[in-house]
Amino acid sequence: MIWAFNDSIKPFVWQPDPNMQDSTLTLGEFGRRWDANMTSLLVQPFAQVKWRPSEPWTVTAGLHAMADTRSGAMSLLEPRLGAQYVTAGGTVWSAGAGLHSQMQTPYLYASSPAPYASSGDPLAMPNANMDFTKSLHTVVGMSRRLGDLWTMKAEAYFQHLYDIPVADTTTAWGAANTSYSLINAGGGFDRLFPDSLVNGGQGRNYGVEVTLARAFRDGWFVLFTGSVFDAQYTGADGIYRNTDFNGRYAWNALASKEWKLGTSISLVTGAKCTMVGGRWYGGVDTEQSDLLRELVWDDATRNTLQFDDYFRFDLKTNLTWNRPSTTHELGIDWVNILGTENVLKLTYAPDDASENSVREEYQLGFLPIFFYRVDF
2 MIWAFNDSIK PFVWQPDPNM QDSTLTLGEF GRRWDANMTS LLVQPFAQVK WRPSEPWTVT
62 AGLHAMADTR SGAMSLLEPR LGAQYVTAGG TVWSAGAGLH SQMQTPYLYA SSPAPYASSG
122 DPLAMPNANM DFTKSLHTVV GMSRRLGDLW TMKAEAYFQH LYDIPVADTT TAWGAANTSY
182 SLINAGGGFD RLFPDSLVNG GQGRNYGVEV TLARAFRDGW FVLFTGSVFD AQYTGADGIY
242 RNTDFNGRYA WNALASKEWK LGTSISLVTG AKCTMVGGRW YGGVDTEQSD LLRELVWDDA
302 TRNTLQFDDY FRFDLKTNLT WNRPSTTHEL GIDWVNILGT ENVLKLTYAP DDASENSVRE
362 EYQLGFLPIF FYRVDF
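When you read off a place in the sequence shown, starting at 1, and then add 1, the result is the number in our numbering.
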């Protein structure tokens, strides 16, 4: 894998004046968050062997390694082992375990903790040599057919994560953000510009997942999935906390029905319902947020509060007709048809009309999508 960076950022905020005159709030001089050229190869050699010691057994074993030629990050030996056993009644039992490594989002290696003036001087890149995040994955599962059409699958898993980037407590930022961990990144669609990080955090995930499915026959099918789980992490202080995504449960139900309207035309309707436990968040340090013009969490209360559960219900209707050389499809998707307001995150948004500079950002509301498609 090869990547290169050469970019700049010029942060400013525009806001209307209370007297209806436009005003601009400038966050200091235009500056650069990253400005670097990097070339790297991500090398991943592996070997795998499959063995059938007897008719019901299948064993798969392998070795994997990963290295980044630029930073020197390396995971020399990652053994992985899986086994499957099929009973006389057709039930499939399986188990697996293995070590895994993960490279961070590339731009984080070149990012700077604060915008620097565009003077041409080299930027400080405290995280240029971050190591890989590593984990041990274990899982056991079973799959069984329930008659001709129905299938049930169940899995139980445990994951131990380590070498997760957390705050470097030898810096002023790190000492004030001992609850910070990169494991929570990516949930709010924001760019991240953390200060100095060290690979000293841990995490643990465990849970059970169940899937029940009816195969498509007689014009309809059904799929249900559900899981209960727990996901926690440690920051630089070593205290286990809920991850941002530790909703504790999630389930999905999906069903679809097809009606034949003649020999070449069919009408398909479907519905999908999703419910997930709410994300976790904490108190906000309003003084520091106003000073830095971005959201700053209160370290002591990080991820002690939870948003309401996520709920979404979708409907769709498609009309399909087949021609000798083409297939035409006309449809509409009713996304979040109930218009449920699901909180995505808190964000820093100063408002002259309010003393509160923090507000809730919501996920997608009701959205009808019309489409027409032709397949040749």
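C-beta atoms are modelled at their ideal positions from N, C-alpha and C, and glycine is treated no differently.
For glutamine 289, the enclosing alpha helix (DSSP H) has its first and last residue at 287-293. Proximity to glycine 202 across His161, Tyr250, Asp149 peaks at His161, based on C-alpha coordinates. Shown here for valine 285: same chain residues with a beta carbon closer than 8 angstroms to its own, the five before and five after excluded, namely Leu296, Val297, Trp298, Asp299, Leu347, Val359 in chain order.
Around the CB of tryptophan 260, fewer than 16 other CB atoms lie within 10 Å, so the residue is classed as exposed. DSSP places tryptophan 174 in the helix class (H, G or I) of the three-state scheme. For valine 229, the closest alpha carbon among the candidates Leu268, Gly278, Ala216, Asn200 is that of Gly278. For leucine 109, the enclosing alpha helix (DSSP H) begins and ends at 108-111.
Isoleucine 338 sits in coil when the DSSP states are folded into three classes, being neither helix nor strand. A residue is called buried once 16 or more other Cβ atoms fall within 10 Å of its Cβ, and serine 76 is buried on that count.
Less than 8 angstroms divides the Cβ of aspartate 69 from the Cβ of methionine 104. Under the three-state reduction of DSSP, isoleucine 370 is assigned to strand. When only Cα atoms are considered, glycine 220 and phenylalanine 308 end up about 39 angstroms apart. Taking 8 angstroms as the cut-off, the Cβ atoms of glycine 142 and alanine 125 do not count as close. Annotated three-state conformation of alanine 301 is helix, per DSSP.
The closest CA to that of glycine 227, considering only Ser265, Phe217, Cys274, Ser267, is found on Cys274.
Inside the region 53-116, DSSP marks whole beta strand (DSSP E) runs of 3 or more residues at positions 58-69, 75-87, 93-103, from first to last along the chain.
For isoleucine 240, the three-state secondary structure derived from DSSP is coil. Around the beta carbon of glycine 73, fewer than 16 other beta carbons sit within 10 angstroms, so the residue counts as exposed. For leucine 64 against proline 80, the beta-carbon gap comes to about 6 angstroms, under 8 angstroms, which counts as contact. Within the same chain, Cβ atoms closer than 6 angstroms to the Cβ of valine 223 are found at Arg215, Ala256, the five residues on either side in sequence being excluded.
The alpha-carbon of asparagine 357 is positioned some 14 angstroms away from that of leucine 292.
Secondary structure at asparagine 185: helix, using DSSP grouped into helix, strand and coil.
Rounded to whole angstroms, the Cβ separation of leucine 82 and glycine 97 is 7 angstroms, and the two are in contact under 8 angstroms. Within the DSSP secondary-structure output, glutamate 156 pairs in a beta bridge with Gly142, Glu210. Annotated three-state conformation of arginine 218 is strand, per DSSP. Annotation for tryptophan 174: Asp196 place their beta carbon closer than 6 angstroms to its own, counting only its chain and skipping 5 residues before and after. Spanning the alpha carbons of alanine 177 and aspartate 238 requires a straight line of approximately 11 angstroms.
Glycine 271 is bridged by DSSP to Ser257, Lys317. Excluding the 5 residues flanking it on each side, valine 60 has same chain C-beta neighbours closer than 6 angstroms at Trp52, Ala84, in chain order. Between tyrosine 158 and threonine 170 the beta-carbon gap is near 32 angstroms, outside 8 angstroms, which marks them as no contact. As the crow flies, the alpha-carbon of arginine 280 is around 14 angstroms from that of glutamate 342. Rounded to the nearest angstrom, the gap between the Cα atoms of leucine 320 and asparagine 337 is 21 angstroms.
Across the set Glu362, Phe314, Ala66, Asn130, the C-alpha of Phe314 shows the shortest separation from the C-alpha of glycine 340.
Cβ atoms of asparagine 243 and asparagine 200 stay farther apart than 8 angstroms, at about 21 angstroms. In terms of CA proximity to isoleucine 333, Leu268 leads the group Leu268, Asp376, Asn128. Beta-bridge annotation (DSSP): threonine 235 is paired with Gln203, Tyr241.
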